[in-house]
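Numbering (the working numbering), first residue to last: 440 to 804. For every residue, glycine included, the Cβ atom is placed at its ideal position computed from N, Cα and C.
Below, the structure written as structure tokens:
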């Protein structure tokens with residue numbers, strides 16, 4: 440079992456990473472929920488597979504727990520599903536000593552985390568991520584949110600979890616497309632801040648795709664450690680944490696235009712956004728062509744898309760980007776690649792090359 444400590448003073452917490460991490464849920468809940476009661480929030484697919492084990496672990500530790508399952512998919516990151524969770528929390532009469540367990544992927548972590556952030560002005564919660572994307576990225580750092588029809592993650596709050604339990608064994612049952620989607624965030628972390636990890640991914644892509652346990656433990660732990668060090672320095676995303684948005688400005692825009700449907704997963708959108716951002720970086724004279732090729736090649740090796748056959752019309756794209764929550768003074772901000780392992784954040788870019796970059800063609804400076 441590997442551990443990563445996230446240092447936030449009195450709000451510090453531990454990430455447990457291993458093939459039996461979910462078994463620690465009851466133990467963790469005893470420390471985090473002194474009121475002895477909890478609501479487990481999950482999606483219907485994950486609830487069927489892991490809900491009984493989660494409830495058993497909690498109850499064996501003396502925690503009185505119930506399960507609430509929402510429909511699977513990005514569309515559950517909504518005010519309607521958030522209200523359902525509030526209804527259940529209120530009906531159970533949970534107090535601030537009780538807690539919530541977010542059991543599932545990134546959607547559940549964001550949705551459950553926001554419910555915990557708001558209910559009674561904040562109750563403790565545990566992240567129990569079951570997808571690769573959630574284990575390497577969204578479960579760490581305290582970002583919680585739901586989507587709005589005009590933009591992704593527009594309604595949210597910063598609320599750090601009390602613990603994170605990343606059970607590598609849950610990745611065995613993850614659908615191939617979901618696994619590939621999670622690899623987009625793995626590649627992103629390496630591209631923005633860890634050239635050595637990027638090289639490791641290039642050399643071990645086959646082992647990772649085969650879901651080798653040792654390789655996955657290392658990948659998840661290194662990603663958590665990298666993200667933890669960033670968010671410790673900038674919890675509220677006023678500076679360094681903005682680098683984690685590499686690929687997200689255009690990625691979120693095309694997700695919004697796709698209506699958060701299963702036709703496009705978050706990691707797929709981010710992969711196309713990263714490739715486009717790298718092309719734009721090269722066009723601005725920041726990034727060598729060779730590094731753009733390395734990034735695109737690694738994304739494609741993990742089966743991720745790096746271009747769109749038919750990018751959205753420029754007016755649609757501009758409208759979606761203008762709704763991005765990272766804009767400043769009404770203007771969108773981009774994270775650009777300087778080289779593998781280093782990025783520049785807070786950059787302004789005109790829309791002149793956006794569609795070209797998304798289409799996969801080089802962008803001229």
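Limits of the alpha helix (DSSP H) - the one that residue i falls within
i, result
"residue 664", "652 to 672"
"residue 721", "705 to 722"
"residue 730", "728 to 740"
"residue 509", "From DSSP, residue 509 is part of no alpha helix (DSSP H) but of the beta strand (DSSP E) over 503 to 509."
"residue 644", "644 to 648"
"residue 760", "753 to 761"
"residue 745", "Careful: residue 745 lies outside any alpha helix (DSSP H) and carries neither H nor E."
"residue 530", "518 to 530"
"residue 468", "464 to 471"
Beta-carbon gap between residue i and residue j smaller than 8 Å
i, j, result
"residue 796", "residue 719", "yes"
"residue 747", "residue 682", "no"
"residue 506", "residue 546", "no"
"residue 705", "residue 620", "yes"
"residue 461", "residue 567", "yes"
"residue 743", "residue 697", "no"
"residue 643", "residue 654", "yes"
"residue 603", "residue 579", "yes"
"residue 595", "residue 553", "yes"
"residue 573", "residue 538", "no"
Inter-residue CB distance, residue i and residue j (contact presumed, cutoff 8 Å)
i, j, result
"residue 716", "residue 685", "6 Å"
"residue 597", "residue 688", "The pair is not a contact, with the Cβ atoms about 20 Å apart (cut-off 8 Å)."
"residue 722", "residue 792", "6 Å"
Simplified DSSP assignment, three categories, for residue i
i, result
"residue 786", "strand"
"residue 454", "strand"
"residue 449", "helix"
"residue 725", "coil"
"residue 777", "strand"
"residue 639", "helix"
"residue 478", "strand"
"residue 489", "helix"
"residue 675", "coil"
"residue 546", "helix"
"residue 626", "helix"
Enclosing beta strand (DSSP E) for residue i [first to last residue]
i, result
"residue 538", "538 to 543"
"residue 567", "564 to 568"
Next item on the list: Quick one: which unbroken beta strand (DSSP E) runs of 3-plus residues sit fully inside the segment 572 to 624? Chain order, please.
Entry: Segments of the beta strand (DSSP E) lying fully in the segment 572 to 624: 582 to 587, 590 to 597 and 602 to 606.
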